[in-house]
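Trainee:
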Amino acid sequence: MNRYLIDRICRWLIYAVVAAVVALILIFVGFLITKGWSTVSWQFLTTTSDDGIGIRDQLFNSLYLLILTLILSCPIALGSAIALTIYGEKSRFAAVAKMAIQALSSLPSIIIGLFGFLLLVLKFKIGFSVLSGAIALTFFNLPILTQSMSLAIATVPSSRLNAGISLGVSQWHTITKVVLPEAIPGMISGVVLSAGRVFGEAAALIYTAGQSAPKLNYANWNIFDGNSFLNPLRPAETLAVHIWKLNTESIGPNAELISRGTIVVLIITIVAFNFLARQLANHWQHKIYR
Amino acid sequence: MGDSMTEKIPLLTATNVSVSYGQRQTVHDLSLNFPENQITAIMGPSGCGKSTFLRCLNRSNDLLPDVHVGGEIRFRGDDIYQKKVNPVVLRTKIGMVYQQPTPFPFSIYDNVAFSQRMLGLHDRKMIREIVETSLQQAAIWDEVKDRLDTPAQALSGGQQQRICLASVLAAKPEVILLDEPTSALDPIASAKIEATLIELKKLYTIIIVTHNLQQASRISDQVAFLLNGQLVETGPTAAFFMNPREQATSDYLNGKFG
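Going line by line, the protein sequences match chains A and B.
Residue 40 is where the first sequence starts when you use this note's numbering, and the numbers rise one by one after that.
Residue 106 is where the second sequence starts when you use this note's numbering, and the numbers rise one by one after that.
1. Closer than 8 Å by beta-carbon distance: list the chain A residues that pair up with Gln205 (chain B), in chain order.
2. Please tell me whether Ala234 (chain A) and Leu109 (chain A) are closer than 8 Å, where the distance is taken between their beta carbons.
3. Could you check which residue in B:Met201, B:Asn142 and B:Ala276 has the C-alpha nearest to that of Asn349 (chain A)?
4. In the structure shown, what three-state DSSP assignment does Phe209 (chain B) receive?
5. Just the C-alpha distance for Ile121 (chain A) and Tyr186 (chain B), rounded to the nearest angstrom, thanks.
6. By Cβ distance, which residues of its chain are closer than 7 Å to Gln250 (chain A), with the 5 residues on each side in sequence left out?
7. Would Arg229 (chain B) pass as an interface residue toward chain A - the criterion being a Cβ-Cβ separation below 8 Å?
8. Figure out for me which residue from B:Ser123, B:Ile245, B:Ala146 and B:Thr157 has the closest Cα to the Cα of Gly175 (chain B).
9. Between which residues of its own chain and Gly107 (chain B) is the CB-CB distance below 6 Å, once the five residues before and five after are set aside?
10. Using a Cβ-Cβ cut-off of 8 Å, state whether Ser209 (chain A) counts as contacting chain B.
11. Please name the residue, chosen from A:Gly152, A:Glu295, A:His212 and A:Ala320, that lies closest to Lys74 (chain A) on a Cα-to-Cα basis.
12. By how many angstroms is the C-alpha of Ser187 (chain A) removed from the C-alpha of Gly91 (chain A)?
13. Tell me, please, whether the stretch 329-339 of chain B touches the stretch 148-160 of chain B by the rule of three or more beta-carbon pairs shorter than 8 Å.
14. Find the residues of chain A that neighbour Gly200 (chain B), judging by a C-beta separation of less than 8 Å, and give them in chain order.
15. Rounded to the nearest angstrom, how far is the Cβ of Asp184 (chain B) from that of Tyr126 (chain B), given a contact under 8 Å?
16. Assuming contact is defined by CB atoms lying nearer than 8 Å, are Phe158 (chain B) and Leu117 (chain B) in contact in what I supplied?
17. Thinking Leu68 (chain A) and Ile262 (chain A) are a contact (beta carbons under 8 Å), I'd like their distance in whole angstroms, please.
18. With distances taken between CB atoms, is the gap from Ala173 (chain A) to Gly225 (chain A) smaller than 8 Å?
19. Just to confirm the assignment, what range does the alpha helix (DSSP H) spanning Leu302 (chain B) have?
20. Let me know if Gln264 (chain B) comes out buried or exposed under the rule of 16 or more other beta-carbons within 10 Å of its beta-carbon.
21. Name the chain A residues that come within less than 7 Å of Ala276 (chain B), Cβ to Cβ?
22. Helix, strand or coil: which one does DSSP assign to Leu117 (chain B)?
23. Counting only Cβ pairs nearer than 7 Å, list the residues of chain B close to Ala191 (chain A).
24. Measuring alpha carbon to alpha carbon, tell me which of A:Cys113, A:Ser209, A:Leu117 and A:Gly118 ends up nearest Gly225 (chain B).
25. Which residues in chain A have a C-beta closer than 7 Å to the C-beta of Arg196 (chain B)? List them in chain order.
26. Could one say the Cβ of Leu168 (chain B) lies closer than 8 Å to chain C's Cβ atoms, at least one of them?
27. Would Ile298 (chain B) and Leu162 (chain B) be called neighbours here (beta carbons separated by less than 8 Å)?
28. Quick one, which of A:Val169, A:Arg50, A:Thr194 and A:Ile183 has its alpha-carbon nearest Arg236 (chain A)'s?
29. Can you confirm whether Pro286 (chain B), when its beta carbon is compared against all beta carbons of chain A, has any partner nearer than 8 Å?
30. Can a CB atom of chain A be found closer than 8 Å to the CB of Val193 (chain B)?
31. Which term fits Val310 (chain A), buried or exposed, when burial requires 16 or more other beta carbons within 10 angstroms of its beta carbon?
32. For the stretch 228-256 of chain A, list every residue whose C-beta sits within 7 Å of some C-beta in chain B, in sequence order.
33. Any C-beta of chain A sitting closer than 8 Å to the C-beta of Met223 (chain B)?
34. If you compare alpha carbons, which of B:Asn191, B:Asn216, B:Leu282 and B:Ala243 is closest to Gln258 (chain B)?
35. Per DSSP, which residues does Val122 (chain B) bridge with? Please list them.
36. Going by CA-CA distance only, name the one from B:Leu358, B:Tyr357 and B:Leu305 that's closest to Ile144 (chain B).
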């Protein structure tokens with residue numbers, strides 16, 4: 040066989056593998072969506088389970104937990120990423136920290152959930168709550184977010200730092216005014232992709248944010264009231280936990296129907312996150328290189 | 106030119122400077138004076154320690170881990186490695202241009218205005234004046250004055266290098282360090298930079314690392330020749346090229362190594 044032919048065969052083989060992967064995803068997502076599509080309606084999204092099959096509170100809980108988790112984890116991850124990639128690039132401490140982060144990122148989420156249960160719910164007596172869930176999800180999210188932020192910062196040429204200091208600008212100003220803005224597209228996609236992971240997480244939340252969705256009053260803005268939608272100390276069942284619970288414990292007649300519909304909502308939201316990540320990153324890229 | 110100028114008082118002096126990275130010593134006991142308003146060319150084969158030495162002069166080696174600088178470097182009589190010296194302030198006085206052009210991903214205007222803005226200047230009119238003067242001094246004003254809003258990274262390599270020079274000038278330094286500033290450029294762009302530097306020495310003290318012998322002979326007043334981290338020979342440019350005192354210098358000038 041001549042080399043030209045081998046080259047062609049290999050190329051087609053690679054195309055075939057890629058096509059198989061894409062087909063698998065399409066079949067998988069398509070199957071789930073066709074199964075549950077009929078359940079999804081405006082009413083499904085805007086009523087509570089007490090009134091019938093609705094998932095309004097679970098949807099809100101998922102978003103609320105996500106926002107709290109990002110508020111907690113972004114600053115810490117950003118700080119660690121700067122420390123690891125710029126200040127301590129070659130130190131022994133950074134090497135150990137990087138190894139620890141890598142190990143943490145593959146920690147099973149159920150372990151994080153049980154750890155959160157023991158530490159936050161029982162030891163610190165926070166109880167099953169949005170706050171416990173957000174802190175547990177922060178543990179879950181930090182390693183991956185730190186890694187993706189480090190990667191984004193590492194793609195900025197190191198000559199920027201030298202150029203900055205050679206103009207008599209401090210290292211910190213060079214980092215905040217030059218390096219970080221240039222790393223923003225990468226950091227945004229890192230944040231949004233990890234948001235998708237957090238949004239779909241169930242195991243870390245079952246024993247921290249709890250499995251019940253108390254009736255929420257969306258007109259009550261007092262975060263200290265038990266029925267306020269903003270109260271961080273109330274239990275909060277999310278979409279993913281809702282699916283898990285419907286399939287393990289529920290005896291209601293509509294359990295399967297609700298579960299399928301919730302799956303559709305969850306998948307569409309996560310796909311939307313991925314799409315958003317690309318759009319935002321591109322937008323920023325253009326903004327920087329006008 | 107040159108001979109009469111060496112009598113000026115040195116602005117920057119290096120005495121018995123040694124540099125080591127971890128266990129490896131790259132500069133040995135080097136003493137060299139840099140007279141005001143002159144161009145000093147530091148020459149030598151690759152890896153002779155000339156860039157390392159240059160980076161000590163504005164303490165940009167500070168950022169690297171495990172670097173130890175021994176000896177004494179004095180700027181206007183003060184030891185720059187003293188504890189009370191703030192290296193960030195020092196570097197506004199002693200700026201540096203690198204081998205590869207290093208413009209930021211900003212517009213031309215924002216690149217040149219960067220250092221003054223970071224120093225806390227917000228008066229638009231004053232910033233505009235500084236940007237214009239700096240670009241004129243770097244001899245690039247005429248080429249970019251109509252497109253100051255375009256990204257600096259869209260310019261050619263030679264233009265980018267002059268933007269970087271303008272950015273350094275905007276910080277209002279007294280000494281400009283250049284680390285092989287033309288080795289990534291074509292001959293025409295290099296010639297423009299050389300002409301600019303000769304013009305700039307009226308206002309600044311310039312120290313340039315180069316392994317281009319012709320360049321050193323064209324623009325410098327004083328030459329220092331380094332080999333294996335040691336100073337082999339230094340002197341006025343004309344004498345250095347015409348009558349080198351050391352055999353190693355003569356061999357290098359005749360292309361026997363390097």
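Ideal placement from N, C-alpha and C gives every residue a C-beta, glycine not left out.
Computed from a predicted structure; not experimentally measured.
Mentor: The structure says:
1. Here residue 205 (chain B) refers to the residue found at position 100 of the second sequence. Residues of chain A passing the Cβ test: Ser198.
2. Stepping through the first sequence from its first residue, residue 234 (chain A) is reached at position 195. Stepping through the first sequence from its first residue, residue 109 (chain A) is reached at position 70. In this structure, Leu109 (chain A) lies closer than 8 Å to Ala234 (chain A) by Cβ.
3. Only positions 40 to 329 of chain A appear in the structure, and residue 349 (chain A) is not among them; the question remains open.
4. Taking the first residue of the second sequence as 1, we reach residue 209 (chain B) at position 104. Correct three-state label for Phe209 (chain B): coil.
5. For the purposes of this step, residue 121 (chain A) is taken as residue 82 along the first sequence, with counting starting at 1. For the purposes of this step, residue 186 (chain B) is taken as residue 81 along the second sequence, with counting starting at 1. Rounded to the nearest angstrom, the two C-alpha atoms are 27 Å apart.
6. As a first step, residue 250 (chain A) is located in the first sequence; it is residue number 211 there, counting from the start. Closer than 7 Å at the Cβ level, and outside the excluded window around Gln250 (chain A), lie Glu276, Val280 and Lys284.
7. Within the second sequence, residue 229 (chain B) is the residue found at index 124, counting from 1. Answer no: the Cβ-Cβ gap between Arg229 (chain B) and chain A never drops below 8 Å.
8. What you label residue 175 (chain B) is simply residue 70 of the second sequence in a count that begins at 1. Measuring from the Cα of Gly175 (chain B), the nearest candidate turns out to be B:Ser123.
9. The residue given as residue 107 (chain B) occupies position 2 in the second sequence. The predicted model places Gly107 (chain B) with a pLDDT of 44, which falls under 50 and marks its position as unreliable, so this point remains unresolved.
10. Locating residue 209 (chain A) in the first sequence gives position 170, where the first residue counts as 1. Chain B contact via Cβ: present.
11. Here residue 74 (chain A) refers to the residue found at position 35 of the first sequence. Cα-wise, what sits closest to Lys74 (chain A) is A:Glu295.
12. Looking up residue 91 (chain A) in the first sequence gives position 52. Looking up residue 187 (chain A) in the first sequence gives position 148. So the alpha carbons of these two residues sit roughly 41 Å apart.
13. yes
14. Within the second sequence, residue 200 (chain B) is the residue found at index 95, counting from 1. Correct list: Ser205, Leu206 and Gly207.
15. Here the question's residue 184 (chain B) lines up with position 79 in the second sequence. Here the question's residue 126 (chain B) lines up with position 21 in the second sequence. Not really, about 22 Å apart at Cβ, beyond 8 Å.
16. If you number the second sequence from 1, residue 158 (chain B) lands on position 53. If you number the second sequence from 1, residue 117 (chain B) lands on position 12. Not in contact: Phe158 (chain B) and Leu117 (chain B) (Cβ atoms no closer than 8 Å).
17. Reading the first sequence from its first residue, position 29 is the one you call residue 68 (chain A). Reading the first sequence from its first residue, position 223 is the one you call residue 262 (chain A). According to the sequence displayed, residue 68 (chain A) carries Val and not Leu. Actually they do not touch by this definition, with Cβ atoms about 37 Å apart.
18. Counted from its first residue, the first sequence places residue 173 (chain A) at position 134. Counted from its first residue, the first sequence places residue 225 (chain A) at position 186. Not a contact, by the Cβ cut-off of 8 Å.
19. To locate residue 302 (chain B), count along the second sequence from 1; it is residue 197. Taken as a continuous stretch (DSSP letters only), the alpha helix (DSSP H) holding Leu302 (chain B) covers Pro292 to Leu305.
20. By one-based count along the second sequence, residue 264 (chain B) stands at place 159. When all chains shown are included, Gln264 (chain B) counts as buried.
21. In the second sequence, counting from the first residue as 1, residue 276 (chain B) sits at position 171. The answer, in chain order, is Leu206 and Gly207.
22. Walking along the second sequence from the start, residue 117 (chain B) turns up at place 12. In this structure, Leu117 (chain B) counts as strand in the three-state DSSP scheme.
23. As a first step, residue 191 (chain A) must be located in the first sequence, where it is residue number 152. By Cβ distance, chain B contributes nothing, its closest Cβ being about 14 Å from Ala191 (chain A), past 7 Å.
24. On the second sequence, residue 225 (chain B) is found 120 positions in, with the first residue counted as 1. Answer by Cα proximity: A:Ser209.
25. Against the second sequence, residue 196 (chain B) aligns to sequence position 91. The contacting residues are Ile204, Ser205 and Gly207.
26. As a matter of chain content, chain C is missing from the structure shown, whose protein chains are A and B.
27. As a first step, residue 298 (chain B) is located in the second sequence; it is residue number 193 there, counting from the start. As a first step, residue 162 (chain B) is located in the second sequence; it is residue number 57 there, counting from the start. Cβ distance not < 8 Å, so Ile298 (chain B) and Leu162 (chain B) don't count as in contact.
28. In the first sequence, the residue the question calls residue 236 (chain A) occupies position 197. Out of A:Val169, A:Arg50, A:Thr194 and A:Ile183, A:Ile183 has the C-alpha closest to the C-alpha of Arg236 (chain A).
29. Reading the second sequence from its first residue, position 181 is the one you call residue 286 (chain B). Taking Cβ atoms only, chain A never reaches closer than 8 Å to Pro286 (chain B), which makes this a no.
30. As a working note, residue 193 (chain B) is residue 88 in the second sequence. Taking Cβ atoms only, chain A reaches closer than 8 Å to Val193 (chain B), which makes this a yes.
31. By 1-based counting over the first sequence, the position of residue 310 (chain A) is 271. When all chains shown are included, Val310 (chain A) counts as exposed.
32. none
33. Residue mapping note: residue 223 (chain B) aligns to position 118 of the second sequence, counting from 1. Yes, Met223 (chain B) lies at the interface with chain A (some Cβ there is under 8 Å from its Cβ).
34. On the second sequence, position 153 is the one that residue 258 (chain B) refers to. Out of B:Asn191, B:Asn216, B:Leu282 and B:Ala243, B:Asn216 has the C-alpha closest to the C-alpha of Gln258 (chain B).
35. Within the second sequence, residue 122 (chain B) is the residue found at index 17, counting from 1. Bridge partners of Val122 (chain B): B:Leu135.
36. Working through the second sequence from its first residue, we reach residue 144 (chain B) at position 39. Answer by Cα proximity: B:Leu305.
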